[in-house]
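If you count the sequence shown from 1, position 46 lands on 45 in numbering that gives the first Met the number 0, and the numbers rise without skipping.
Scroll down for the structure; my scribbles are underneath it.
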Amino acid sequence: MKRFLAILMVTVLALAGLATSALAADRVGVLMPTQSLQRWNQDGDNMKSQLETAGYEVDLQYADNKVDVQVSQIENMLLGGVKVLVIASIDGGSLGTVLAAAKDMSVPVIAYDRLITGTEFVDYYATFDNYRVGQLQGSFIEEKLGLKDGNGPFNLEIVAGSPDDNNALFFYNGAMDLLKPYIENGQLVVPSGQTELAQVGTLAWSTDTAQARFDNIIAANYADGSTKLDAVLCSNDSTALGVINALTNAGFTEYPIITGQDCDKPNMQHIISGVQSMSVFKDTRTLASKVVSMVEALLKGSDPEINDTTTYNNGVKVVPSYLCEPVFGDASNYKELLIDSGYYTLEDIGQ
Ligand code: BGC
């Protein structure tokens, strides 16, 4: 009997041990910049659910676009024992010190969508082909205005992204490498005179900031009733929304060509009603699944899949990257792109 009890005890302890080790899933820290923009909520949700499905415990935090908040979230996650950090930064250049602590604790770091710059302590980067996003926007304007056929002059204004976000430069360059020659030869005119990234950037990609700048641009350059605004190169949907608000408040009923990015819900409504011209669809589900497989590889001690080892130099090193493909989206293909793929329901975009 004693022997039986002893065996029973050992078995129970062994099973308890098994259960505990099964329960003690590796914890992954996921940091997103803000909840104020639709895409980051989707990114956060996708990351959390896909990581949980893969068997990990997830600590997901949003930082309200505040760098100091994001830094202390990273510190807390490290103290809490995360095994990998996935970070969509606010200011890509402000994380060096806290990531040195991650390195000391042997916690690998994946930069999510936005490159982390000025530090060696970032291991991998997963994003979309950001230069291509800008090319999709620039070539749309080129085609719609018939610039290749020599048409013009047309009036263009430029509204770019947040200067502290490395992506903003790639979007701007992708579009401007195509459009600058037309500015130089006079087919495109920028009445505000603001063309450099330092002049056209929008801190924190804020809709209100973009709107305030565009209110001024309209008042100073398009209020005479005869100067036509033909196109606005907007780097993303939140800035496009600011431009649309400014134009609407100024009484515009015919809208210029307006580009965007992200296929945000309010912007899709504007695209369907003909106010905004296009957006760029970046399927956040695909990005999340790539990052989840990177996390799995790192935790298994193998090499994550990458497809780019040249583009993303963060000032200290070229960060091995996986680039997902961005896709052009407008009123003609949104159903196939967004509805049939299950990304949105028709109700989501007011249809
Ligand atoms: C992302 C864009 C987004 C922007 C504002 C960028 O880093 O790549 O998709 O529109 O941030 O949140």
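Glycine included, every Cβ here is placed at the ideal spot set by N, Cα and C.
- When DSSP reads this structure, methionine 31 sits in a beta bridge with Tyr61.
- For glutamine 136, the shortest separation between its Cβ and any heavy atom of the ligand BGC does not lie below 7 Å.
- In this structure, the C-beta of lysine 289 stays at least 7 Å away from each heavy atom of the ligand BGC.
- Excluding five sequence positions before and after glutamate 141, the CB atoms of its chain that fall closer than 8 Å to its own CB belong to Lys147, Leu177, Leu178 and Tyr181, given in chain order.
- Secondary structure at serine 48: helix, using DSSP grouped into helix, strand and coil.
- The continuous alpha helix (DSSP H) containing tyrosine 130 extends over residues 129–143.
- Not one heavy atom of the ligand BGC lies closer than 7 Å to the C-beta of lysine 82.
- By the neighbour-count criterion, in which 16 or more other beta carbons inside 10 Å mark a residue as buried, glutamine 210 falls on the buried side.
- DSSP places phenylalanine 213 outside any beta strand (DSSP E); the residue lies instead in the alpha helix (DSSP H), whose first and last residues are 206–220.
- Cβ atoms of isoleucine 109 and alanine 125 come within 8 Å of each other, at about 6 Å.
- Secondary structure at tyrosine 333: helix, using DSSP grouped into helix, strand and coil.
- In this structure the stretch 73–92 does not lie against the stretch 266–283, because fewer than three pairs of beta carbons, one per stretch, are closer than 8 Å.
- In the three-state DSSP reduction, threonine 126 falls in the strand class (E or B).
- Shown here for glycine 43: same chain residues with a beta carbon closer than 6 Å to its own, the five before and five after excluded, namely Met31 and Leu59 in chain order.
- At least one heavy atom of the ligand BGC sits closer than 7 Å to the Cβ of glycine 160.
- Taking 3 residues as the minimum length, the beta strand (DSSP E) runs contained wholly in the stretch 61–115 are 83–86 and 108–111, in order along the chain.
- Valine 70 counts as buried, since no fewer than 16 other beta carbons sit within 10 angstroms of its beta carbon.
- Taking aspartate 207 as reference, the option from Leu36, Met175 and Asp261 with the minimal CA-CA separation is Leu36.
- Counted as a single uninterrupted DSSP element, the alpha helix (DSSP H) harbouring phenylalanine 169 occupies residues 165–183.
- Remark: the C-beta of lysine 281 is in contact range of the ligand BGC, defined as less than 7 Å to any heavy atom.
- Note on geometry: alpha-carbon atoms of leucine 168 and cysteine 233 lie some 13 Å from one another.
- Scanning Ala100, Ala87, Thr309 and Asp347 for the CA closest to the CA of glutamate 74 turns up Ala100.
- Residues of the same chain with a CB within less than 6 Å of the CB of methionine 46, apart from the 5 flanking positions on each side, are Val29 and Ala287 in chain order.
- Judged by beta-carbon spacing, threonine 258 lies within the 8 Å limit of serine 276, meaning their Cβ atoms are closer than that value.
- If you draw a straight line from the Cα of glutamate 324 to the Cα of aspartate 307, it is about 12 Å long.
- Straight-line spacing of the CA atoms in glycine 341 and alanine 330 works out to 17 Å.
- At a Cβ-Cβ threshold of 8 Å, asparagine 154 and proline 190 count as neighbours.
- Listed in chain order, the non-local C-beta contacts of valine 318 below 6 Å within the same chain comprise Val121, Tyr124 and Tyr311, local neighbours out to five positions each way being set aside.
- In terms of Cβ geometry, valine 27 and lysine 102 do not form a close pair [threshold 8 Å].
- When only Cα atoms are considered, glycine 192 and aspartate 339 end up about 42 Å apart.
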